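Participant:
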Amino acid sequence: ADVLLAHEDAALHAEEGRNGGGSDAVLTGAEPVMEELGLKLENLTISQLGTADSVVIDKDTTTIVGGKGNKENIESRIKEIRVQMERTTSDYDREKLQERLARLVGGVAVIKVGAQTETAMKEKKARVEDALHATRAAAEEGIVPGGGVALLRALGALDALALEGGEKIGLAILRRAMEEPLRQIAFNAGVDGSIVVQRVKEGKGPFGYNAATDAYEDLVKAGVIDPTKVVRSALENAASVAGLMMTTMAMIVEKPKKEEPAGGGMGGMGGMGGMGGMGGMM
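Plus 331 on top of the position in the sequence shown (first one is 1) and you've got the working numbering.
1. Assuming P474 contacts D549 (C-beta within less than 8 Å), just tell me the rounded distance between them.
2. Going by DSSP, which residues form a beta bridge with A383?
3. For the segment 485–492 against the segment 501–509, are there 3 or more C-beta pairs whose distance is under 8 Å?
4. What do you get for P512, buried or exposed, if any count of 16 or more other CB atoms within 10 angstroms of its CB means buried?
5. Determine which residues share a DSSP beta bridge with H475 and list them.
6. What does a CB cutoff of less than 7 Å around V436 pick up in its chain, not counting 5 residues either side in sequence?
7. Would you call R458 buried or exposed, if buried means 16 or more other Cβ atoms sit within 10 Å of its Cβ?
8. At 4 residues or longer, what runs of the alpha helix (DSSP H) sit wholly inside the segment 502–590?
9. Let me check one thing: in DSSP terms, what residues is I412 bridge-paired to?
10. Quick check on the burial criterion: 16 or more other C-beta atoms within 10 angstroms. Buried or exposed for P537?
11. Please state the DSSP three-state secondary structure of T393.
12. Do the CB positions of V387 and A481 come within less than 8 Å of each other?
13. Applying the criterion that 16 or more other CB atoms from any shown protein chain within 10 Å of the CB defines a buried residue, is S385 buried or exposed?
14. Measure the C-alpha to C-alpha separation of E472 and K560 and round it to an integer number of angstroms.
15. For I405, which of L432, V364, A440, N374 has the nearest alpha-carbon?
16. Quick check on the DSSP output: the alpha helix (DSSP H) that includes E366 runs from which residue to which?
17. Using only alpha-carbon positions, find the residue among I500, K427, L370 that is nearest to R467.
18. What residue does the alpha helix (DSSP H) around Q447 start on, and which one ends it?
19. Given a threshold of 16 other Cβ atoms within 10 Å of its Cβ, counted over all protein chains shown, does E510 qualify as buried or as exposed?
20. Could you spell out where the alpha helix (DSSP H) holding A481 opens and where it closes?
21. On the CB-based measure, 16 or more other CB atoms within 10 Å of its CB, does R484 come out buried or exposed?
22. Which residue comes first and which comes last in the alpha helix (DSSP H) that contains A491?
23. For I388, name the three-state secondary structure that DSSP assigns.
24. Once DSSP output is grouped into helix, strand and coil, what is the label at V441?
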């Protein structure tokens with residue numbers, strides 16, 4: 332067995348020392364050597380080492396594949412981490428604890444991304460990273476029907492608001508904005524957004540428009556979903572930016588250039604189509 336030394340987050344390192352063992356040690360069946368536990372590296376014995384199929388350590392992470400730790404100890408450690416997650420008030424610490432919990436509960440998956448060119452590989456890698464981020468967000472707050480349906484269904488919550496004047500205008504703008512994702516999806520699919528929005532409004536729950544199949548169906552069953560956190564954050568951030576713009580005295584935008592008519596100078600050549608008639612003269 333090899334002796335591996337790796338830096339861990341200081342706050343979590345101290346907390347794990349007080350709890351009697353780190354996640355990596357439990358996962359491999361090793362005994363953690365920490366000063367908090369009264370153990371020193373020079374007194375380390377073979378019996379204190381753990382085993383795994385492979386361990387990869389870089390400057391930021393430690394990845395353990397096939398740890399040989401005791402199942403009962405792993406279950407106990409999982410419970411400890413869950414308790415820490417409930418007690419912590421730090422988003423950073425909670426994220427790190429979630430990573431440790433994932434390594435103990437779900438194991439480690441190695442995703443290899445390859446392509447014929449470096450550009451294609453980067454594009455595929457970005458897709459995989461987006462999928463991982465979406466999965467983490469879904470694990471935090473759950474999922475909702477995709478395709479802009481969730482925002483459309485949330486419009487009902489605005490009906491109870493009795494507003495007047497400028498606030499009423501703002502509410503109308505918000506309503507339109509919450510319909511816009513579905514309108515844009517429909518536009519990209521080459522169909523009328525207004526018709527699609529009205530058709531989806533007539534439905535209930537996850538009923539929506541699947542642009543990939545050009546069909547109206549249950550989007551959850553079709554696998555068209557969004558993380559709740561992503562949809563919520565997008566709406567909150569958009570409202571925040573809109574509010575900031577309303578209080579801004581001046582803004583700088585890029586003035587769009589006037590597009591020249593394509594092939595305008597050659598348009599008269601279309602008249603040469605009449606030369607077809609000259610064929611009858613010959």
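Glycine included, C-beta positions come from ideal geometry on N, C-alpha and C.
The model shown is predicted, which means the values in this text are computed figures rather than measured ones.
Facilitator: Here's the rundown:
1. The displayed chain sequence assigns Ile, not Pro, to residue 474. Not confirmed; about 14 Å, so no contact.
2. In DSSP, A383 forms a bridge with G398.
3. Because the criterion of three Cβ pairs below 8 Å is met, the segment 485–492 and the segment 501–509 touch.
4. P512 should be labelled buried.
5. Looking at the sequence provided, one finds Val at residue 475 rather than His. Here V475 is bridged, per DSSP, to D557.
6. Cβ neighbours of V436 beyond the five flanking positions: I409.
7. Residue burial is scored here from C-beta neighbours: R458 has fewer than 16 other C-beta atoms within 10 angstroms and is therefore classed as exposed.
8. Listed in chain order, the complete alpha helix (DSSP H) runs (minimum 4 residues) inside the segment 502–590 are 524–533, 559–577.
9. None; I412 has no bridge partner.
10. It counts as buried.
11. T393 sits in a strand when the DSSP states are folded into three classes.
12. In this structure, A481 does not lie closer than 8 Å to V387 by Cβ.
13. So S385 counts as exposed.
14. If I take the Cα positions, the gap works out to 6 Å.
15. Closest option to I405, Cα to Cα, is L432.
16. Boundaries cannot be given for E366, as no alpha helix (DSSP H) includes it and DSSP labels it neither H nor E.
17. Out of I500, K427, L370, K427 has the C-alpha closest to the C-alpha of R467.
18. Element bounds for Q447: n/a, residue is neither H nor E.
19. It is buried - the Cβ of E510 has at least 16 other Cβ atoms within 10 Å.
20. First-last of the alpha helix (DSSP H) with A481: 480–484.
21. Under this definition R484 is a buried residue.
22. Going by DSSP, A491 is part of no alpha helix (DSSP H) at all; its letter is neither H nor E.
23. Residue state, collapsed to three classes: strand.
24. Three-state DSSP puts V441 in coil, outside helix and strand.
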